[in-house]
Amino acid sequence: MISLLDYGAGNVRSVRNAIQALGYTITDITCPDDILRAEKLIFPGVGAFGAAMERLQNLGYIEPLKEYLAANRPFFGICIGLQVLFDSSEESPKVAGLGLISGQINRFTASQLAVPHMGWNDVRVLRESALFNHYNHEKLYFVHSYCAQPTPENAEWQLALTDYGIPFLSAVQRGNIAAVQFHPEKSGTVGLRLLQQFLSGENAIEPIINSVNQTTHFAKRIIACLDVRTNDAGDLVVTKGDQYDVREAGEVRNLGKPIELAQRYYEEGADEITFLNITAFRDFPLEDQPMLEVLRRTSERVFVPLTIGGGIRSFTDSSGKYYSALNVADEYFRSGADKVSIGSDAVLTVERYLERGNGDGTSAIEQIARVYGNQAVVISIDPRRVYVNSPNDTRHYTVSTTTLGPNGEAYCWFQCTINGGREGRDVDAIELACICERLGAGEILLNSIDRDGTGAGFDLELISAVRAAVTIPVIASSGAGTVEHFNDVFRFTNAEAALAAGIFHRHEVPIAAVKTHLRDCGIETRV
Ligand code: 1PR
415 MISLLDYGAG
425 NVRSVRNAIQ
435 ALGYTITDIT
445 CPDDILRAEK
455 LIFPGVGAFG
465 AAMERLQNLG
475 YIEPLKEYLA
485 ANRPFFGICI
495 GLQVLFDSSE
505 ESPKVAGLGL
515 ISGQINRFTA
525 SQLAVPHMGW
535 NDVRVLRESA
545 LFNHYNHEKL
555 YFVHSYCAQP
565 TPENAEWQLA
575 LTDYGIPFLS
585 AVQRGNIAAV
595 QFHPEKSGTV
605 GLRLLQQFLS
615 GENAIEPIIN
625 SVNQTTHFAK
635 RIIACLDVRT
645 NDAGDLVVTK
655 GDQYDVREAG
665 EVRNLGKPIE
675 LAQRYYEEGA
685 DEITFLNITA
695 FRDFPLEDQP
705 MLEVLRRTSE
715 RVFVPLTIGG
725 GIRSFTDSSG
735 KYYSALNVAD
745 EYFRSGADKV
755 SIGSDAVLTV
765 ERYLERGNGD
775 GTSAIEQIAR
785 VYGNQAVVIS
795 IDPRRVYVNS
805 PNDTRHYTVS
815 TTTLGPNGEA
825 YCWFQCTING
835 GREGRDVDAI
845 ELACICERLG
855 AGEILLNSID
865 RDGTGAGFDL
875 ELISAVRAAV
885 TIPVIASSGA
895 GTVEHFNDVF
905 RFTNAEAALA
915 AGIFHRHEVP
925 IAAVKTHLRD
935 CGIETRV
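Given below as structure tokens:
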């Protein structure tokens, strides 16, 4: 019997799915006494430290939780579920943690590395523990901006370290109480195996395969993207355009079924899957039950992060009922998304920001980041090049370009568009990225209408300019045609991830071939 402490603050559907996929039944904690009745307790913390503690307080869970932990009963914390075991966090300075482990959780300090630490890294296991039986340097999925550092006060808890600029505690354990900073439920088969070790209560300890002296290595991510829409026959299909035009001879191109393709990419080693509901700008996504069903069913079988985008904005339905962008995002998260991506609405938000000179707390970005955390908010940018002869010809951020314009122009700026590239706006990709980061976005998905579907390679000038302007991770997208293009994007820009669609859908370049090539070029990837 596994008890899940889901305190209703975010998506724990993936944790549920992972436990169920391993064959266990879950009981939900619904009142304080349930905590003391639990045989094994899983606490997948979500959102901010302060919000998590406040929620536990309001539900009356803090005292029973402290009693449960003091009795050394089986406990497994994930992410914030690790952090709340400490005294406090820099994230919410006035809020006390559970105080089981001495010390404070701190933010990663500014460095060359993007914050959040989002992606695949490995761990250095410091001592033997059944939890890490069979673990052999494989990568696990992390997403967090705050971390616990090893100190003499927490020495007895230190189980594993990971390096991201600094070494931090990726796993702690004392007796029957364990917690991990990574997400086993999103770490593919390696993560499921680790979760299984806790669930089975296996005590036999195998010798560790790790050496304590090495450092861990953060991987570049390879993401498969599925552009999804309903075709003229009314079926939900994966499609793919050339420069955003998805029709061929008048018909919407049909490249497969969303769930089957997502599963295929998971099995082939995609580090993340992104669904873009590309016509959601004209429909209301909450009425799109097939799309929500795709998400639900995918999350039952795909154990890497899932992002969904399309139509995240406020909406009033035909009966006059108002839905906020947060309501739309809630439904996506409840259906199994780990991150949501905002396209058109982000451009309109930035326009308002530029008029006023600040945000007012009401935008989709701000609302969703407040509830689900920055790491859950991705901004999808759909820019198109606008060529100029001189940087003085525009107020926008320009780059000097080696791909000259139609009249030999040597400069260009990157104009943001809305509604699937249909409408250009007076905002450039660099200012959009910077302002969205300020408003609370945790990642940028950077497309290029010029390169989309061309197979001509990523727009390195665009990607370098945007990545240099922000401190959050950037996903390079559009134009991948060969394995060499992935090496180029990581060699010539600081992008954290690269996304492709067409070459994967058409079986032209397998994901494994991309990763093998990157490794041959000395770029770290998840095997
Ligand atoms: O504006 O919040 O409703 O979100 C709509 C989302 O749908 C946006 O993220 C937007 O990028 C996407 N979208 C809208 N129309 C299209 C279209 O193609 N007609 N797809 C579209 C954008 C771009 C990439 C693509 C890469 C890689 N697709 O995601 O997968 O360019 O392709 P490639 O490797 O084949 O070159 P909102």
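According to my numbering, the sequence shown is numbered sequentially starting from 415.
All residues carry an ideal CB built from backbone N, CA and C; glycine is no exception.
Identity of the residue in the options nearest residue i by Cα
| i | options | result |
| --- | --- | --- |
| P805 | I795, K553, R881 and E823 | E823 |
| V539 | L573, V708, S794 and L709 | L573 |
| P820 | L512, C830, Y801 and V813 | Y801 |
| P598 | T868, P719 and Q587 | P719 |
| G916 | C445, V642, P458 and I619 | V642 |
| E875 | T896, A909 and V897 | A909 |
| E552 | A879, E665, R607 and A528 | R607 |
| F378 | D864, G683 and G834 | As shown, the chain starts at 415 and ends at 941. That puts residue 378 outside it, with no answer to give. |
| I925 | D934, A911 and V897 | V897 |
| V652 | P704, G725 and G511 | P704 |
| I456 | T441, F463 and S862 | T441 |
| G865 | K929, G655, L609 and S713 | Strictly speaking, residue 865 in this sequence is Arg, with Gly absent from that position. Closest option to R865, Cα to Cα, is G655. |
| V785 | V742, S814, P488 and I795 | V742 |
| L860 | F872, D685 and Q781 | F872 |
| L436 | S614, G725 and I793 | S614 |
| G511 | N547, S543 and G459 | G459 |
| I782 | D744, S892 and L583 | D744 |
| T444 | G461, Y421, E453 and K454 | Y421 |
| E857 | A927, V880 and R711 | V880 |
| I832 | I637, L675, A694 and T565 | A694 |
| I844 | A760, A912 and G869 | A760 |
| I637 | A914, V923, K929 and L650 | A914 |
| A663 | Y679, E674, A676 and D646 | D646 |
| D697 | E681, S732, F689 and P672 | S732 |
Start and end residues, alpha helix (DSSP H) containing residue i
| i | result |
| --- | --- |
| G602 | G602 to S614 |
| M532 | Counting along the chain, M532 falls outside any alpha helix (DSSP H), though it belongs to the beta strand (DSSP E) covering H531 to N535. |
| I782 | A778 to Y786 |
| V903 | V897 to F906 |
| I849 | A843 to L853 |
| E681 | P672 to E681 |
| R469 | F463 to N472 |
| R798 | First-last for R798: P797 to V802, but that is the beta strand (DSSP E), not the alpha helix (DSSP H). |
| S878 | L874 to A883 |
| E481 | I476 to A484 |
| S503 | Per DSSP, S503 belongs to no alpha helix (DSSP H); it is in the beta strand (DSSP E), F500 to S503. |
Minimum Cβ-Cβ distance from residue i to chain B less than 8 Å
| i | result |
| --- | --- |
| D759 | In the structure shown, chain B cannot be found, because there is only a single protein chain. |
Classification of residue i by the beta-carbon crowding that lies within 10 angstroms, buried from 16 upward
| i | result |
| --- | --- |
| A894 | buried |
| V941 | exposed |
| D536 | buried |
| R667 | buried |
| A882 | exposed |
| G771 | exposed |
| Q526 | exposed |
| P507 | exposed |
| K965 | Because the chain in this structure spans residues 415 to 941, residue 965 falls outside the shown range and cannot be described. |
| M532 | buried |
| Q611 | buried |
| G602 | buried |
| F546 | buried |
| E769 | exposed |
| D702 | buried |
Beta-bridge pairing of residue i - partner residues as DSSP gives them
| i | result |
| --- | --- |
| Q572 | V586 |
| P924 | The partner list for P924 (beta bridge, DSSP) is empty, contrary to what the question assumes. |
| N520 | C561 |
| R635 | A911 |
| S417 | T441 and L455 |
| A593 | G491 and V586 |
| V539 | A574 |
| H755 | Correcting the residue type first, residue 755 is Ser in the shown sequence and not His. Answer by DSSP bridge pairing, in chain order: G723 and V792. |
| F556 | G533 |
| L690 | D641 and G723 |
| A838 | One point to set straight first is that residue 838 is Gly, not Ala, in the sequence displayed. BP columns for G838 point to T831. |
Start-to-end residues for the beta strand (DSSP E) that takes in residue i
| i | result |
| --- | --- |
| D656 | Premise fails: D656 is in no beta strand (DSSP E) and is neither H nor E. |
| R711 | From DSSP, R711 is part of no beta strand (DSSP E) but of the alpha helix (DSSP H) over Q703 to S713. |
| Q829 | Y825 to I832 |
| A890 | V888 to S891 |
| E857 | E857 to L860 |
Report yes or no: do three or more beta-carbon pairs, one from the segment 750-760 and one from the segment 415-430, lie closer than 8 Å? Cβ pair count under 8 Å is three or more, so yes.
Stretch pair the segment 503-519 + the segment 554-567: three plus CB contacts closer than 8 Å: Contact between the segment 503-519 and the segment 554-567 is present, with at least three C-beta pairs closer than 8 Å.
When you compare the segment 760-769 with the segment 836-849, are there three or more beta-carbon pairs, one atom per stretch, that lie closer than 8 Å? yes
With contact counted as at least three CB pairs below 8 Å, one residue from each stretch, are the segment 491-498 and the segment 457-467 in contact? Contact between the segment 491-498 and the segment 457-467 is present, with at least three C-beta pairs closer than 8 Å.
Check whether the segment 921-935 touches the segment 883-890, counting contact only when three or more Cβ pairs, one atom from each stretch, lie closer than 8 Å. no
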